[in-house]
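Heads up: the sequence lines are chains A and B, in that order.
My numbering applies: residue 8 is where the first sequence begins, and numbers increase by one.
My numbering applies: residue 190 is where the second sequence begins, and numbers increase by one.
Scroll down for the structure; my scribbles are underneath it.
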Amino acid sequence: MRAARIDLTTQVRRYTATSRGALAASGVLVLVLVWLPAFAGESTVNRLTQFFSLLILAVGWNLLAGYGGMVSIGQQAFLGLSSYAVLYLSLHGVLAWWAVPLAISFAGVVSVPISFLAFRLRGSFFAIGTWVIADVCLLVVAQVETLGGGAGASLNDLNNFKPITVDDVTYWVGLAIAVATLVACALVLRSRLGLALISIRDDERAAEATGVNVARTKRIVYVLSAAICGGAGALLILANLEVQPDSTFSVQYSAFMIFMVLVGGIGTFEGPVVGAILFFALQQWLAADGVWYLIILGAVAVAVTLWLPKGIWGTVDPNNRRSLVPLRHRVDLHRATKSSD
Amino acid sequence: MIWINAIIQGLLLGGLYAMFSCGLSLMFGVMRFVNLAHGDFAVLSAYVAYVLVEHAGGTPLWTFAAVIPAAAIVGFLLQRLLLDRALIGGSLSPLLVTFGLSILIENVLQQSFGANNESLFVGSLSYESWKVNNTIYLGRLDVIVFVIAVGLIAGLQLFLSRSRPGRMMRATADNRRAASLSGVNERRVRATATAIALATVAIGGLFLAMRTSFTPTSGSNDLIFAFESVIIGGLGNLWGTLLGGLILGVAQTVGSQINPADGILAGHLVFLAILAYRPQGIIAPRSADS
């Protein structure tokens with residue numbers, strides 16, 4: 008009896024037909040979105056700007072909690088600080104649109120010292136600790152009279168432009184931040200850093216033992232996530248043309264982020280995008296009924312965590328087979344008889 | 190003299206915070222997560238008492254008899270129906286579930302009662318006080334709350350160190366698996382811990398509602414103060430939690446004495462300072478858990 012011998016060759020690749028198609032489609036979608044203000048009405052443009060802010064928040068929180076394993080309910084600190092940075096710069100002669108990258112950097116820089124405090128705490132305590140820090144930011148900012156104190160202030164330096172121009176430019180700023188956020192996240196997750204991050208989330212001790220610098224990796228992700236949140240904050244002050252401490256530092260933003268990421272699928276790249284679309288639809292549909300949508304939001308967050316812990320995307324694609332974004336390497340086995348290079 | 194008064198009022202306030210935080214500490218000890226809806230359960234209890242008084246009349250004091258057992262039953266069911274399930278899902282799930290619950294409770298209350306400030310009026314007890322000297326007055330209710338808080342913590346400590354279910358609870362907190370192997374019914378321990386936690390937070394919620402006022406969303410602040418007390422005092426030690434509550438209370442009243450708007454901020458800053466310089470808390474845990 009002859010032993011059956013099958014020769015296998017392996018091929019490692021990142022791209023699949025699905026991900027190539029999805030990338031091409033995303034490229035087309037982005038081009039359409041860039042062009043959109045030319046043919047869409049102002050209300051559509053403004054709503055999409057709001058949507059971009061939600062998308063940015065969801066992606067940033069997912070990076071921190073879904074990939075970094077750090078559940079924060081204090082990311083609104085960076086949202087608010089960045090909004091106020093735009094306000095501050097515009098009061099000091101910087102055009103609000105140009106202030107956006109500076110405000111984003113500011114959120115990132117401030118998060119470095121904050122991380123040293125917050126990282127003293129883990130798990131549940133980290134979550135509430137970050138909330139306390141956000142509350143400190145609120146209480147301090149509300150006392151700065153030149154920034155409007157507790158009543159807040161409006162952003163006036165865009166008044167010289169036509170309202171339509173303001174809306175359109177803000178829309179483009181939002182689109183740019185959203186696209187940059189998604190691309191940056193994809194690149195981070197594909198890199199060595201992303202791999203280290205996922206290994207920490209899955210088992211911190213094992214990651215440390217295999218030579219991952221846990222503290223540094225977590226800090227980098229925390230800062231990155233703060234900067235992303237800052238992007239949303241800068242966008243929101245441009246969209247609303249005013250800022251008020253109680254609302255910009257509201258823990259409600261954390262509720263939104265958690266809802267979008269949970270429902271979409273925590274720890275997946277596509278999940279927060281799905282979650283942001285759903286949340287946006289829910290908000291448009293129910294916003295007129297006051298707090299009802301928040302009640303539904305809370306109930307769905309509980310139900311999804313308990314009965315659909317992987318969220319929508321994680322349930323649709325449990326083994327990352329249909330991944331739309333080429334984040335991971337995959338190994339394909341081929342019979343040697345088939346010609347392969 | 191105004192400073193001494195601020196410190197004394199702070200100590201009295203701190204008793205209330207300690208009352209809020211002992212349940213949080215207990216649940217964390219047994220299950221290693223913080224119930225993010227903890228403060229909202231305090232507010233929920235206050236609204237239940239408010240409705241009871243409105244319909245049945247009388248002084249709010251009798252509602253303790255109804256609200257405390259109800260809160261304990263809710264805690265038991267909460268553990269059995271939701272939290273036990275959440276604990277299976279890893280370390281993030283209990284956080285996310287209780288945060289969802291927090292949003293749910295706050296907004297249901299907002300929908301039902303509006304965003305107004307409410308308060309439980311307990312007749313002459315609300316304003317009567319003992320005069321120490323011309324600056325220092327001790328509110329009768331404040332002193333009663335303080336005494337009950339200390340009694341509650343002493344009772345809980347006695348329960349944990351002397352009673353059989355209390356020992357099981359400590360065993361579970363120390364080493365879940367070993368406790369389970371020696372015959373501790375872990376599910377029952379968890380449900381008991383949550384029931385006790387909600388009963389204590391209901392007591393705290395009612396007293397807070399009598400001392401000051403409450404709104405549908407004031408539970409968030411209650412949670413933060415309870416959490417700060419636990420961290421300041423040091424984990425895993427109820428007397429530490431009491432101490433933490435007292436320090437937080439004093440920080441807040443002294444802060445408000447400096448600038449009326451700065452009370453809460455001063456409390457936060459003391460908390461952050463402890464975090465930076467003594468992260469294990471004032472009274473460090475005796476042994477690191479394995």
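Glycine included, each C-beta is placed from N, C-alpha and C at the ideal position.
Taking C-beta atoms as the reference points, residue 273 of chain A and residue 288 of chain B fail to come closer than 8 Å. Taken through DSSP and simplified to helix, strand or coil, residue 239 of chain A comes out as helix.
Check the Cα spacing between residue 34 of chain A and each of A/176, A/190, A/231, A/269: the tightest is with A/190. Residues of the region 205-226 of chain A whose Cβ lies closer than 7 Å to any Cβ of chain B: none.
At a cut-off of 8 Å between C-beta atoms, residue 51 of chain A does not count as an interface residue with respect to chain B.
For residue 330 of chain A, there is no enclosing alpha helix (DSSP H), as DSSP marks it with neither H nor E. Residue pairing by DSSP puts residue 337 of chain A in a beta bridge opposite A/20. By the CB criterion at 8 Å, residue 439 of chain B and residue 199 of chain B fall inside the cutoff. Per DSSP, the unbroken beta strand (DSSP E) holding residue 326 of chain B starts and ends at 326-328. Around the beta carbon of residue 445 of chain B, a 10 Å sphere encloses 16 or more other beta carbons of the protein chains shown; the residue is thus reported as buried. The residue among B/384, B/248, B/371, B/211 with its C-alpha nearest the C-alpha of residue 262 of chain B is B/384. Between residue 400 of chain B and residue 205 of chain B a beta carbon distance of about 7 Å is seen, short of the 8 Å cut, so the two are scored as contacting. Taking all protein chains shown into account, residue 277 of chain A has 16 or more neighbouring C-beta atoms within 10 Å of its C-beta and is therefore buried. For the region 111-129 of chain A, the set of residues with a beta-carbon nearer than 9 Å to any beta-carbon of chain B comprises 123, 124, 125, 127, 128, in chain order. A residue is called buried when at least 16 other Cβ atoms come within 10 angstroms of its Cβ; residue 36 of chain A does not meet this threshold and is exposed. Membership of residue 320 of chain A in the alpha helix (DSSP H) is indicated by the continuous run 318-323. Under the DSSP assignment, residue 138 of chain A falls in the alpha helix (DSSP H) whose first and last residues are 130-148.
The three-state reading of DSSP puts residue 225 of chain A in helix, counting H, G and I together. The residue among A/66, A/223, A/262 with its C-alpha nearest the C-alpha of residue 305 of chain A is A/262. Here the alpha carbons of residue 234 of chain A and residue 325 of chain B stand approximately 49 Å from one another.
Judged by DSSP in its simplified three-state form, residue 226 of chain B adopts coil rather than helix or strand.
One alpha carbon belongs to residue 215 of chain A, the other to residue 466 of chain B, and they sit about 25 Å apart.
According to the DSSP assignment, residue 105 of chain A belongs to the alpha helix (DSSP H) that extends over 103-125. Distance from the Cα of residue 167 of chain A is smallest, within the candidate group A/103, A/128, A/182, A/329, for A/103. For the region 241-277 of chain B, there is no continuous beta strand (DSSP E) assignment of 3+ residues that stays within its boundaries. Pairwise C-beta distances place the region 234-243 of chain A in contact with the region 80-100 of chain A, as three or more of them are shorter than 8 Å. Within its own chain, the residues whose Cβ lies closer than 8 Å to the Cβ of residue 195 of chain B, once the five positions on either side in sequence are excluded, are 439, 442, 443, 445, 446, listed in chain order. Taking 8 Å as the threshold, the shortest C-beta distance from residue 417 of chain B to chain A falls below it. Residue 437 of chain B sits close to residue 203 of chain B, with the two beta carbons spaced by under 8 Å. Looking at the DSSP output, residue 403 of chain B sits in a beta bridge with B/307. In the three-state reduction of the DSSP assignment, residue 249 of chain A falls in the strand class, which pools E and B. Counting along the chain, the unbroken beta strand (DSSP E) around residue 318 of chain B starts and ends at 318-320.
Per DSSP, reduced to three states, the secondary structure at residue 280 of chain B is coil, with no helix or strand assignment.
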